[in-house]
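S.K.: In the order they appear, the protein sequences are chains A and B.
If you want this note's numbering, it's the position in the first sequence, counting the first as 1, plus 6.
If you want this note's numbering, it's the position in the second sequence, counting the first as 1, plus 6.
The beta-carbon is built from N, C-alpha and C at its ideal position, and this holds for glycine as well.
Number of protein chains: 2
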Amino acid sequence: MARSGRLSPGGDQRESGRQQILDVIRAAESIARIDIAKATGVSPATVTAITAELLAAGLIEEIAPEVAPGARRGRPRVALRIRGGAHRIAGLKVSHHVISTVITDFVGQELASHEMPLVQGTMPVPELCAQIRRALELTCTQGGFSIEDLSGVGIGMAGMIDAERGFIYWSSSLEERNVAFSAAITAELPCPVFLDNDANLVAKAEHLFGEGRTCDNFIVITIEHGVGMGIVIDRQIYRGTRGCGAEFGHTKVHLEGALCQCGQRGCLEAYVGDYALLREANISSGSDRHRTIASLFQSAENGDAMAKSILDRARRMFAMGLANVVNIFDPSKIILAGARLSFDYLYSDKLIEEMRQWVVQVDAPLPEVIVHDWGDLMWAKGAAAYALEEVTARTVRELANAAA
Amino acid sequence: MARSGRLSPGGDQRESGRQQILDVIRAAESIARIDIAKATGVSPATVTAITAELLAAGLIEEIAPEVAPGARRGRPRVALRIRGGAHRIAGLKVSHHVISTVITDFVGQELASHEMPLVQGTMPVPELCAQIRRALELTCTQGGFSIEDLSGVGIGMAGMIDAERGFIYWSSSLEERNVAFSAAITAELPCPVFLDNDANLVAKAEHLFGEGRTCDNFIVITIEHGVGMGIVIDRQIYRGTRGCGAEFGHTKVHLEGALCQCGQRGCLEAYVGDYALLREANISSGSDRHRTIASLFQSAENGDAMAKSILDRARRMFAMGLANVVNIFDPSKIILAGARLSFDYLYSDKLIEEMRQWVVQVDAPLPEVIVHDWGDLMWAKGAAAYALEEVTARTVRELANAAA
DNA sequence: ATGATTTAATTTGAAACTCAAAAAAAATAT
DNA sequence: ATATTTTTTTTGAGTTTCAAATTAAATCAT
Numbered sequence: 007m008a009r010s011g012r013l014s015p016g017g018d019q020r021e022s023g024r025q026q027i028l029d030v031i032r033a034a035e036s037i038a039r040i041d042i043a044k045a046t047g048v049s050p051a052t053v054t055a056i057t058a059e060l061l062a063a064g065l066i067e068e069i070a071p072e073v074a075p076g077a078r079r080g081r082p083r084v085a086l087r088i089r090g091g092a093h094r095i096a097g098l099k100v101s102h103h104v105i106s107t108v109i110t111d112f113v114g115q116e117l118a119s120h121e122m123p124l125v126q127g128t129m130p131v132p133e134l135c136a137q138i139r140r141a142l143e144l145t146c147t148q149g150g151f152s153i154e155d156l157s158g159v160g161i162g163m164a165g166m167i168d169a170e171r172g173f174i175y176w177s178s179s180l181e182e183r184n185v186a187f188s189a190a191i192t193a194e195l196p197c198p199v200f201l202d203n204d205a206n207l208v209a210k211a212e213h214l215f216g217e218g219r220t221c222d223n224f225i226v227i228t229i230e231h232g233v234g235m236g237i238v239i240d241r242q243i244y245r246g247t248r249g250c251g252a253e254f255g256h257t258k259v260h261l262e263g264a265l266c267q268c269g270q271r272g273c274l275e276a277y278v279g280d281y282a283l284l285r286e287a288n289i290s291s292g293s294d295r296h297r298t299i300a301s302l303f304q305s306a307e308n309g310d311a312m313a314k315s316i317l318d319r320a321r322r323m324f325a326m327g328l329a330n331v332v333n334i335f336d337p338s339k340i341i342l343a344g345a346r347l348s349f350d351y352l353y354s355d356k357l358i359e360e361m362r363q364w365v366v367q368v369d370a371p372l373p374e375v376i377v378h379d380w381g382d383l384m385w386a387k388g389a390a391a392y393a394l395e396e397v398t399a400r401t402v403r404e405l406a407n408a409a410a
Numbered sequence: 007m008a009r010s011g012r013l014s015p016g017g018d019q020r021e022s023g024r025q026q027i028l029d030v031i032r033a034a035e036s037i038a039r040i041d042i043a044k045a046t047g048v049s050p051a052t053v054t055a056i057t058a059e060l061l062a063a064g065l066i067e068e069i070a071p072e073v074a075p076g077a078r079r080g081r082p083r084v085a086l087r088i089r090g091g092a093h094r095i096a097g098l099k100v101s102h103h104v105i106s107t108v109i110t111d112f113v114g115q116e117l118a119s120h121e122m123p124l125v126q127g128t129m130p131v132p133e134l135c136a137q138i139r140r141a142l143e144l145t146c147t148q149g150g151f152s153i154e155d156l157s158g159v160g161i162g163m164a165g166m167i168d169a170e171r172g173f174i175y176w177s178s179s180l181e182e183r184n185v186a187f188s189a190a191i192t193a194e195l196p197c198p199v200f201l202d203n204d205a206n207l208v209a210k211a212e213h214l215f216g217e218g219r220t221c222d223n224f225i226v227i228t229i230e231h232g233v234g235m236g237i238v239i240d241r242q243i244y245r246g247t248r249g250c251g252a253e254f255g256h257t258k259v260h261l262e263g264a265l266c267q268c269g270q271r272g273c274l275e276a277y278v279g280d281y282a283l284l285r286e287a288n289i290s291s292g293s294d295r296h297r298t299i300a301s302l303f304q305s306a307e308n309g310d311a312m313a314k315s316i317l318d319r320a321r322r323m324f325a326m327g328l329a330n331v332v333n334i335f336d337p338s339k340i341i342l343a344g345a346r347l348s349f350d351y352l353y354s355d356k357l358i359e360e361m362r363q364w365v366v367q368v369d370a371p372l373p374e375v376i377v378h379d380w381g382d383l384m385w386a387k388g389a390a391a392y393a394l395e396e397v398t399a400r401t402v403r404e405l406a407n408a409a410a
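1) Check the C-beta distance from I31 of chain A over to I88 of chain A and give it rounded, since I have them as a contact under 8 Å.
2) At a CB-CB cut-off below 7 Å, which residues of chain B make contact with N184 of chain A?
3) Let's test the definition: count the other Cβ atoms within 10 Å of the Cβ of T147 of chain A and tell me whether it reaches 16, buried, or not, exposed.
4) When the Cα atoms are used, what is the spatial distance from A85 of chain B to I42 of chain B?
5) From H102 of chain B to A164 of chain B, what distance separates their C-alpha atoms?
6) Could you pull out every residue in the same chain whose Cβ sits closer than 7 Å to the Cβ of V368 of chain B, ignoring the five residues on either side in sequence?
7) Given this structure, state the Cα-to-Cα distance separating E360 of chain B from A325 of chain B, to the nearest angstrom.
8) Nearest by alpha-carbon distance to A393 of chain A: which of A:G309, A:A51, A:D204 and A:I69 is it?
9) What separation, rounded to the nearest whole angstrom, lies between the Cα atoms of G160 of chain B and G127 of chain B?
10) Under 8 Å between beta-carbons, which chain B residues line up against C463 of chain A? List them in chain order, please.
11) Between T247 of chain A and D336 of chain B, which are expected to be in contact by the criterion C-beta below 8 Å, what is the C-beta distance as a whole number of angstroms?
12) Quick one: grab the DSSP three-state call for G279 of chain B.
13) Can you find a CB in chain B that lies within less than 8 Å of the CB of G80 of chain A?
14) Over the uninterrupted alpha helix (DSSP H) stretch that includes N206 of chain B, give me the two end residues.
15) Going by the CB atoms, is the gap between A306 of chain B and K314 of chain B shorter than 8 Å?
16) Can you give me, in chain order, the residues of the segment 152-177 of chain A that have a beta carbon less than 7 Å from any beta carbon in chain B?
17) Starting from V331 of chain B, trace the alpha helix (DSSP H) in both directions and tell me its first and last residue.
18) If you measure from the beta carbon of N333 of chain A to each beta carbon in chain B, is any gap under 8 Å?
19) Using the beta-carbon of each residue, which ones in chain A are nearer than 8 Å to I239 of chain B?
20) Is there a Cβ of chain A sitting closer than 8 Å to that of R403 of chain B, yes or no?
21) Taking the continuous alpha helix (DSSP H) assigned at P50 of chain B, which residues delimit it?
22) At the level of alpha carbons, what is the spacing between D240 of chain B and G309 of chain A?
23) Please list the terminal residues of the continuous beta strand (DSSP E) segment that includes R39 of chain B.
24) Residues in the same chain with beta-carbon distance under 8 Å from E396 of chain A, minus the five sequence neighbours each way, listed in chain order, please.
25) Please report whether the beta-carbon of F112 of chain A lies at a distance below 8 Å from any beta-carbon of chain B.
26) So what does DSSP say about A169 of chain B, is it helix, strand or coil?
27) Say whether chain B places a C-beta atom closer than 8 Å to the C-beta of K356 of chain A.
28) Going by CA-CA distance only, name the one from B:R24, B:E59 and B:A96 that's closest to A389 of chain B.
29) What is the DSSP secondary structure of P123 of chain A, reduced to helix, strand or coil?
30) Which one or two residues does DSSP pair with L180 of chain A in a beta bridge?
31) Could you give the distance in angstroms between the alpha-carbon of V278 of chain B and the alpha-carbon of A252 of chain B?
32) Report the start-end ranges of each beta strand (DSSP E) in the segment 95-119 of chain B that is 3 residues or longer and not cut off at the edges.
33) Could you tell me whether the segment 369-386 of chain A touches the segment 282-291 of chain B, using the rule of 3 or more Cβ pairs below 8 Å?
34) May I ask you to list the residues that DSSP assigns as paired with Q242 of chain B?
35) List the residues of chain B whose Cβ lies closer than 9 Å to the Cβ of E395 of chain A, in chain order.
36) Let me see if you follow: with CB-CB separation under 8 Å, is M326 of chain B close to chain A or not?
So this is what it looks like as structure tokens:
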């Protein structure tokens, strides 16, 4: 039972230092050596040594100091930043009707993006692999480079996924269950592949680039067709032992409740997810009037009592679910990510107020609840963020091996 | 934002190694140097160096090798173990009617225990401090030593407690809210005090001495008057940002549900806790027939339909709560701790079966559910386990400072 | 018995790492 | 120009860890 992070036997012992400094540079976007020293507690001498290595490896670069930094005495600080050109990274989100892809540089800047429609949502493994490869190629072409130029690919899918093993217990995109999907797709692509549940990837994106940058413990909740959750504890995605935790959407909120798409009853998702609301609206009105949430929401705005009551219950159930998350995790932040949150039944003062009622009362401020709308590419960017982090870790590890 | 665990600037850099090796020795109870090396990945040379230090400091000791260890060639291994005499540790559990105390040696072996009745359950801070001191003195006297001999005291209380700050948001034992209780009690005692929520402490005890020894991620659930939870992630108690997470008992399981002692509605505790069951039984039967859970349980056994239905619902609610914990945490083990679990409405194949129904289905084995009955001293032992761990950490830190 | 063999623990010496202090670099202030 | 200030780099000392060699303490084989 070797444990990581304590004594590091054999070879190069600087790996953690390199990783730490790279993290700080990435978080700061640009930062001088002296500030890295202050931020990390590492001595300036060591910062110089490590940054010199990273520079030599091409992972970071110096920024030419501005001409007039404004009456500051002494040797001017030279800012460092991640070198965008060091790697190209792709992120893909596989959903039912489309594969969206984004390609970023090593900084995380978008270089190209693309949406590829899917004719059928559920398919066999080889077919999905082929589609993923095609989506990647199309996006690369659009950006003017080749798939060979990628250093890593992140893939996000809805379903139960053990990220560590690259194993898919179940996904709505696959006909088969229990597939070692990483192995399959890796064989198709010329670079490492990193696979995870889509909600975890959004959490990763929030951590690296979004509202979670300044925050060590937070929770991301995504609402779309289904309800997802990503948990960040101590700067790390929490995945559970089988890799299938954080199933917030399938948390039970009612003993003999509404039927969920997962086949069980009483799941939160069956009260809050798109399909659940539309189903109830259409059944109740005995018609197929509502095809989108926007339409249902509009009806409620126009004073339709039934629509109102449906959205009302969704909000109360959601508030209850959120309160349970706070009661269990006590996170410092809850980030509601995605476009759906712009409908105010899901985010409003009323929601927060109801949540407060259900959270165990202490005389300390509630966790902050934030809405963050990333736009359409949110999921793909999340996948890219994950790949970015993993490629960084690998590169640092290779550096260590090279040094030893 | 200095981060711990990576580069360790200044002074002695061996602290983590010492702690790691001490942890391994404690977990193994007794172990030879060569096996420490294997278990940790640290080289035998370094193990020799560090264990020599720990021996010199009196924290560990060698065990004289057995005479005939059974046909094993080569130099016989010399086992090391924690030296019980190194420290004396006390653990207290403050509950409504009694303060139970246990004193252990540095190994965790019980040296003395005592129960001191409390006339009134809720009292002002100075009064509780005085009672705690008295309980400690009585227990020390019983063990034949003095309160001055203690190296640390752990205290567990029901309520919302921020362990890190030693701050009590609310506890049923205290008249005041928002008390810096650690500071108050530390002033009364000649040694460091470590305060935490009682369920967390049981988790700590399971981790150090119980079912959690071989397990990095598990959850402990305690049921008594109320329902508590302790979460261990990566060998560490998870406490949340305000220190008041893991409120499993106040997780909401019903939108407009039963009234809980916390004043809210729909808490799991209001369906599963002792007081909730008795309340319902007595209201329903219009009498005061049932004064204990045992009596209610007996009625159900004898075929009383009402009693049966009450316990039935409790079990179903509990199963649903457990399923939610699995859906969110995906732990490798769930430990149900405490005597109450011997009533089979709370633990039975039926419960597990119901839980399985509510857990999101994947083709991977469910987390193990284990019942562990510690007897009366469970809570106090948990408090002692916490103090033991903290005293160990402090001692190691002092060793580091001494070396530097 | 006695030497060969095996396994555990310790010692030794080299390599790596971090840091404090000193030095160098590069600007502004006077 | 020279002094001052601030950042970065260099230098050298002190730790720490490890691989390899050595020592220790047992059993096995003859």
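M.R.: Let me spell this out:
1) To locate residue 31 of chain A, count along the first sequence from 1; it is residue 25. To locate residue 88 of chain A, count along the first sequence from 1; it is residue 82. About 6 Å; that satisfies the 8 Å criterion.
2) Mapped onto the first sequence, residue 184 of chain A falls at position 178. At a beta-carbon threshold of 7 Å, the residues of chain B lying near N184 of chain A are D369, ordered along the chain.
3) Locating residue 147 of chain A in the first sequence gives position 141, counting from the first residue. T147 of chain A should be labelled exposed.
4) As a working mapping, residue 85 of chain B is identified with position 79 in the second sequence. As a working mapping, residue 42 of chain B is identified with position 36 in the second sequence. The alpha-carbon separation between A85 of chain B and I42 of chain B amounts to approximately 10 Å.
5) What you label residue 102 of chain B is simply residue 96 of the second sequence in a count that begins at 1. What you label residue 164 of chain B is simply residue 158 of the second sequence in a count that begins at 1. Each residue's alpha carbon lies about 9 Å from the other.
6) Locating residue 368 of chain B in the second sequence gives position 362, counting from the first residue. Hits under 7 Å: none found.
7) For the purposes of this step, residue 360 of chain B is taken as residue 354 along the second sequence, with counting starting at 1. For the purposes of this step, residue 325 of chain B is taken as residue 319 along the second sequence, with counting starting at 1. About 6 Å.
8) To locate residue 393 of chain A, count along the first sequence from 1; it is residue 387. Out of A:G309, A:A51, A:D204 and A:I69, A:D204 has the C-alpha closest to the C-alpha of A393 of chain A.
9) Within the second sequence, the letter at position 154 stands for residue 160 of chain B. Within the second sequence, the letter at position 121 stands for residue 127 of chain B. Taken atom to atom, the span from the alpha-carbon of G160 of chain B to that of G127 of chain B is near 19 Å.
10) Missing from the structure shown is residue 463 of chain A; chain A here goes from 7 to 410 and no further.
11) As a working mapping, residue 247 of chain A is identified with position 241 in the first sequence. As a working mapping, residue 336 of chain B is identified with position 330 in the second sequence. Sure, about 6 Å apart at Cβ, within 8 Å.
12) Your numbering for residue 279 of chain B matches position 273 in the second sequence. Here G279 of chain B sits in coil by DSSP.
13) Working through the first sequence from its first residue, we reach residue 80 of chain A at position 74. Not closer than 8 Å to any Cβ of chain B, the Cβ of G80 of chain A fails to qualify, so no.
14) Here residue 206 of chain B corresponds to residue number 200 of the second sequence, with the count starting at 1. Looking at the DSSP string, the run of the alpha helix (DSSP H) that includes N206 of chain B is D204 to F215.
15) Indexing the second sequence from 1 puts residue 314 of chain B at position 308. Indexing the second sequence from 1 puts residue 306 of chain B at position 300. In contact: K314 of chain B and A306 of chain B (Cβ atoms closer than 8 Å).
16) Across the segment 152-177 of chain A, CB contacts with chain B closer than 7 Å involve M166, Y175 and W176, in sequence order along the chain.
17) Residue 331 of chain B sits at position 325 when you count from the first residue of the second sequence. DSSP places V331 of chain B in the uninterrupted alpha helix (DSSP H) bounded by A311 to F335.
18) Here residue 333 of chain A corresponds to residue number 327 of the first sequence, with the count starting at 1. It does: the Cβ of N333 of chain A has a partner Cβ on chain B nearer than 8 Å.
19) Working through the second sequence from its first residue, we reach residue 239 of chain B at position 233. Near I239 of chain B (Cβ distances below 8 Å), the residues of chain A are I239 and Y244.
20) Here the question's residue 403 of chain B lines up with position 397 in the second sequence. With a threshold of 8 Å between beta carbons, R403 of chain B makes no contact with chain A.
21) To locate residue 50 of chain B, count along the second sequence from 1; it is residue 44. From DSSP, the alpha helix (DSSP H) with P50 of chain B extends over P50 to A62.
22) One-based indexing of the second sequence puts residue 240 of chain B at position 234. One-based indexing of the first sequence puts residue 309 of chain A at position 303. About 51 Å.
23) The count along the second sequence starts at 1 and reaches residue 39 of chain B at position 33. R39 of chain B: not part of any beta strand (DSSP E); member of the alpha helix (DSSP H) spanning R39 to T46, first to last residue.
24) Here residue 396 of chain A refers to the residue found at position 390 when the first sequence is read from its first residue. Excluding residues within five positions, the ones whose Cβ falls inside 8 Å are G158, G160, P198 and F200.
25) In the first sequence, residue 112 of chain A corresponds to position 106, counting from 1. Not one chain B Cβ lies under 8 Å of F112 of chain A.
26) The residue given as residue 169 of chain B occupies position 163 in the second sequence. Note: A169 of chain B maps to coil in three-state DSSP.
27) In the first sequence, counting from the first residue as 1, residue 356 of chain A sits at position 350. No - not a single Cβ of chain B is within 8 Å of the one on K356 of chain A.
28) Here residue 389 of chain B is taken as the residue at index 383 of the second sequence, counted from 1. If we check each option's Cα against that of A389 of chain B, B:A96 comes out closest.
29) Your numbering for residue 123 of chain A matches position 117 in the first sequence. Here P123 of chain A sits in strand by DSSP.
30) For this step, residue 180 of chain A is matched to residue 174 along the first sequence. Answer by DSSP bridge pairing, in chain order: A:M129.
31) On the second sequence, residue 278 of chain B is found 272 positions in, with the first residue counted as 1. On the second sequence, residue 252 of chain B is found 246 positions in, with the first residue counted as 1. For the pair V278 of chain B and A252 of chain B, the Cα-to-Cα distance works out to about 17 Å.
32) With a minimum length of 3 residues, the continuous beta strand (DSSP E) runs that stay inside the segment 95-119 of chain B are 104-111.
33) No, the segment 369-386 of chain A is not in contact with the segment 282-291 of chain B.
34) Reading the second sequence from its first residue, position 236 is the one you call residue 242 of chain B. DSSP lists B:I239 as the beta-bridge partner residues of Q242 of chain B.
35) Your numbering for residue 395 of chain A matches position 389 in the first sequence. Those within 9 Å of E395 of chain A in chain B number zero; the least Cβ separation is about 16 Å.
36) Mapped onto the second sequence, residue 326 of chain B falls at position 320. Yes, contact with chain A.
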